[in-house]
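Read in the numbering used here, the sequence shown has 265 at position 248, and its numbers run on one by one without any break. Glycine residues also receive a C-beta, built at the ideal position from the N, C-alpha and C atoms. All of these numbers come straight from a predicted model, not from anything done at the bench. Shown next, in structure tokens, is the structure this report addresses.
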Amino acid sequence: MADKRVDLSWDEWDELNDPRPDQNEFDQVVEDALSRRGFLGGLVAFGSGAAVMGTGALLSSTAEAATSSRFAFKPIEIATDATVHVPEGYTWDILARWGDPLFSDAPEFNHETGGDIASDRIFGENTDGMELYEVGDRQLIAVNHEYVNPKINLPKNEDGVPTSAEEVRKLQNLQGVSVIEVEEAGDGWKIVQDSPYNRRIHQNTPMRIAGPAAGHDLLKTEADPAGIEVLGTMNNCGSGKTPWGTYLTCEENFNGYFGSTDETAELPAAFSRYGIKAESRYSYEKFDPRYDHAKTPNEPNRFGYIVEIDPADPESKPVKRTALGRFKHENAAVVIAKDGRIVVYLGDDERGEFLYRYVSNGVYQPGGDTEHLLNEGTLYVAKFHGDSKGRWLPLTPETTGMDAVEICIHTRMAASAVGGTTMDRPEWVATNPIAVEAYCALTNNRNRGVKPNAGGDDTSVNAVNPREANNYGQIVRWTPVEENHAADTFDWDLYVMAGNPNVHGDEYAGSANVHPGNMFNSPDGMAFDTAGLLWIQTDGNFKNEGDFEGQGNNQMLVGDPVTGEIVRFMTVPYGAEVTGICWSSDRRSLFVGVQHPAAPFPDGDGKLARSAVIVVKREDGALIG
Numbered sequence: 018m019a020d021k022r023v024d025l026s027w028d029e030w031d032e033l034n035d036p037r038p039d040q041n042e043f044d045q046v047v048e049d050a051l052s053r054r055g056f057l058g059g060l061v062a063f064g065s066g067a068a069v070m071g072t073g074a075l076l077s078s079t080a081e082a083a084t085s086s087r088f089a090f091k092p093i094e095i096a097t098d099a100t101v102h103v104p105e106g107y108t109w110d111i112l113a114r115w116g117d118p119l120f121s122d123a124p125e126f127n128h129e130t131g132g133d134i135a136s137d138r139i140f141g142e143n144t145d146g147m148e149l150y151e152v153g154d155r156q157l158i159a160v161n162h163e164y165v166n167p168k169i170n171l172p173k174n175e176d177g178v179p180t181s182a183e184e185v186r187k188l189q190n191l192q193g194v195s196v197i198e199v200e201e202a203g204d205g206w207k208i209v210q211d212s213p214y215n216r217r218i219h220q221n222t223p224m225r226i227a228g229p230a231a232g233h234d235l236l237k238t239e240a241d242p243a244g245i246e247v248l249g250t251m252n253n254c255g256s257g258k259t260p261w262g263t264y265l266t267c268e269e270n271f272n273g274y275f276g277s278t279d280e281t282a283e284l285p286a287a288f289s290r291y292g293i294k295a296e297s298r299y300s301y302e303k304f305d306p307r308y309d310h311a312k313t314p315n316e317p318n319r320f321g322y323i324v325e326i327d328p329a330d331p332e333s334k335p336v337k338r339t340a341l342g343r344f345k346h347e348n349a350a351v352v353i354a355k356d357g358r359i360v361v362y363l364g365d366d367e368r369g370e371f372l373y374r375y376v377s378n379g380v381y382q383p384g385g386d387t388e389h390l391l392n393e394g395t396l397y398v399a400k401f402h403g404d405s406k407g408r409w410l411p412l413t414p415e416t417t418g419m420d421a422v423e424i425c426i427h428t429r430m431a432a433s434a435v436g437g438t439t440m441d442r443p444e445w446v447a448t449n450p451i452a453v454e455a456y457c458a459l460t461n462n463r464n465r466g467v468k469p470n471a472g473g474d475d476t477s478v479n480a481v482n483p484r485e486a487n488n489y490g491q492i493v494r495w496t497p498v499e500e501n502h503a504a505d506t507f508d509w510d511l512y513v514m515a516g517n518p519n520v521h522g523d524e525y526a527g528s529a530n531v532h533p534g535n536m537f538n539s540p541d542g543m544a545f546d547t548a549g550l551l552w553i554q555t556d557g558n559f560k561n562e563g564d565f566e567g568q569g570n571n572q573m574l575v576g577d578p579v580t581g582e583i584v585r586f587m588t589v590p591y592g593a594e595v596t597g598i599c600w601s602s603d604r605r606s607l608f609v610g611v612q613h614p615a616a617p618f619p620d621g622d623g624k625l626a627r628s629a630v631i632v633v634k635r636e637d638g639a640l641i642g
């Protein structure tokens, strides 16, 4: 079993260990909306006001072609090879690869060993969410390292499973976050080795626990009897950026790291809701008792949070913000409401889970104290209705029957208690900088059925997933009433339903803004540029056959929210996922993550595959987009 565990994707791991419902409540909401208005009745709508005005209509391919495009590039075709492709007039290069030294005393990467054990002074594995920061005249990038690929990271181990505490420490250090200073010189963008800002934050980095759950009995351990400090962050997926210049890294699939050396040990009831089982994914518990929940039963409760990091202060201690809830955090999209309060949109990336929002009690004042803004506020869960309306349901002791701390630690149960809408893997949320609207990628759900989720919630077909076997995914958009992100109600529509018009002639062909020249599956990462264009990254099926014939490798597309037009900008190597994106301060360079590529990317034949951050530029030096 061990060799099979490390080969599974996190989605497959969860499906094996914690099967989720085949159908979700959001599907029923979409189905209800479709039955009311028909497929062309405005459920899939374009234009920032389409959902509000009720005038949205699907664009035909002819109408789409007639629109005035805002894209400064010629869309590219699919690819199925082992390299990166960008549009004509653009170039790409490597910025950072797993194993690249951040400091001059760190060793160069060794393909025979997968790098040495000093892995906390090198660029980590499997890049994901990232953000760029300007500190004086310096540019820093904070970038996540989501998980490891043990068969590659430990190439001398036949099955990829660690056999010693030293090997476990290596895998632990390869995850977390890198903060790197970068600069552009005559030979392109490079990491500034030995920069005072370069920093590795990993699974053994000391962190502070803040917010309502700090000090609670469920967070106390023998090593931390006060329940206010924890070692490390793990499975760091998407990211967020606060108005005051800090980085939010998101702990996602933390459940798979914990196991038990005692097969008879009884698991806490709450573990089931979070998919924590007796067997872990990487066998850490055999060599590090902190990951053995038979010995440290509260340790899993100390993960699954948003962690705030100050890239400008390398001596600062990261902070776990428990007020933002505990679940499989995908990313954290931060906006300022009309009255100055901070709003954070949060997705829980698992079938049958929820979309959340956090609203601070206090208001943001530039230069003022920000500590309270992510500690004191209210969590909400989204409720979608079939009439294209929705509401944020507050998670409070009065609405859930749980106390404030329980809501922070057992957030999934709180959302179930108030009847939030179960979703199909809500991943990245992105907010439009030039329109008051937000988007969430619902990446896919290949097995719909009648089973409830782990919380017993109704997961029958509902409104935002109109297809019974959703292998393609879609992007839902909502507009808060009165253009206020802190408002409790919103209007919603679907910006796009991915599909394959070459294979299907029904709703599985996708919405009308999907055609043979831009089709894709499994939208995942998303970000807006300053011009209001939506950059969409995919993490889906790259086999280029069957239902996915003609879709090729994973890709990055760009969408115009006003016209609905979507075009392909980049493709990545076979086997890889596109994930993480940010721009240089002058917007003339685009940084993009390439995760878990298949060999020989990027170092050539006979070398280990290495995740990387690449940089894309226009040959004429103009703005990207």
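Compute the beta-carbon to beta-carbon distance between residue i and residue j, rounded to the nearest angstrom, for a pair I have assumed lies under 8 Å.
i, j, result
"Trp495", "Ala455", "6 Å"
"Pro172", "Leu188", "That pair is no contact at about 13 Å."
"Ser121", "Asp211", "5 Å"
"Val611", "Ile631", "6 Å"
"Gly342", "Cys425", "6 Å"
"Ile326", "Pro335", "5 Å"
"Ala480", "Gly403", "5 Å"
"Asn221", "Glu163", "About 17 Å; that fails the 8 Å criterion."
"Glu415", "His346", "That pair is no contact at about 25 Å."
"Gly262", "Tyr150", "6 Å"
"Arg429", "Glu370", "7 Å"
When you compare only the Cα positions, how much space is there between residue i and residue j?
i, j, result
"Glu302", "Lys312", "10 Å"
"Ile226", "Ile451", "35 Å"
"Ser602", "Ala432", "39 Å"
"Asp365", "Lys400", "14 Å"
"Phe43", "Tyr264", "31 Å"
"Asn461", "Gly321", "22 Å"
"Trp409", "Gly576", "27 Å"
"Asn34", "Gly638", "49 Å"
"Pro411", "Glu423", "14 Å"
"Asp508", "Ser405", "6 Å"
"Ile492", "Glu280", "42 Å"
"Thr130", "Lys624", "11 Å"
"Leu25", "Tyr299", "11 Å"
"Val513", "Asp133", "45 Å"
"Glu678", "Ile197", "The displayed coordinates of the chain run from 18 to 642. Any statement about residue 678 would go beyond what the structure contains."
"His532", "Pro92", "13 Å"
"Pro306", "Thr144", "27 Å"
"His219", "Leu119", "14 Å"
"Phe88", "Val609", "18 Å"
"Val579", "Trp552", "14 Å"
"Pro614", "Ser86", "32 Å"
"Glu444", "Asp505", "21 Å"
"Leu607", "Leu550", "14 Å"
"Pro383", "Val360", "16 Å"
"Tyr291", "Asp556", "23 Å"
For residue i versus residue j, is the C-beta spacing smaller than 8 Å?
i, j, result
"Gly490", "Leu459", "yes"
"Gln554", "Thr596", "yes"
"Val584", "Asn538", "no"
"Gly340", "Leu391", "Before going on, a small fix: residue 340 reads as Ala here, not Gly. Yes."
"Ala544", "Ala447", "yes"
"Lys355", "Asn501", "yes"
"Ala182", "Phe304", "yes"
"Glu142", "Asn170", "yes"
"Thr588", "Asn561", "no"
"Ser628", "Trp115", "yes"
"Gly177", "Arg338", "no"
"Asn645", "Ile293", "Residue 645 lies beyond the residue range present for the chain, which begins at 18 and ends at 642; the question has no answer from this structure."
"Val101", "Pro590", "yes"
"Phe140", "Ser195", "yes"
"Asn378", "Glu393", "yes"
Would you verify that the beta carbon of residue i is, or is not, closer than 8 Å to some beta carbon of chain D?
i, result
"Pro314", "No chain D is part of this structure, which consists of one protein chain only."
*Report yes or no: do the segment 252 to 260 and the segment 223 to 242 share at least 3 C-beta pairs separated by less than 8 Å?*
no
*Can you list, in chain order, the stretches of the beta strand (DSSP E) that have 3 or more residues and sit fully within the segment 492 to 545?*
506 to 514, 540 to 545
*Three or more C-beta pairs closer than 8 Å, one from the segment 154 to 165 and one from the segment 239 to 249: is that the case here?*
No contact exists between the segment 154 to 165 and the segment 239 to 249.
*Every unbroken alpha helix (DSSP H) inside the segment 161 to 245 [4 residues or more]*: 167 to 170, 182 to 190
*Jot down the residue ranges of each uninterrupted beta strand (DSSP E) in the segment 316 to 366, minimum 3 residues, whole runs only, in chain order.*
The segment 316 to 366 contains these whole beta strand (DSSP E) runs: 323 to 326, 336 to 338, 346 to 353, 358 to 365.
*Within the segment 385 to 473, note down every full beta strand (DSSP E) run reaching 3 residues or more, in order along the chain.*
394 to 401, 406 to 412, 443 to 448, 455 to 459
_Extract the residue ranges of the beta strand (DSSP E) inside the segment 571 to 602, only unbroken runs of 3 or more that lie entirely within it._
572 to 576, 583 to 588, 594 to 600
*What are the complete alpha helix (DSSP H) segments, minimum 4 residues, inside the segment 89 to 113?*
If we require 4 residues or more, the segment 89 to 113 turns out to have no alpha helix (DSSP H) run fully inside it.
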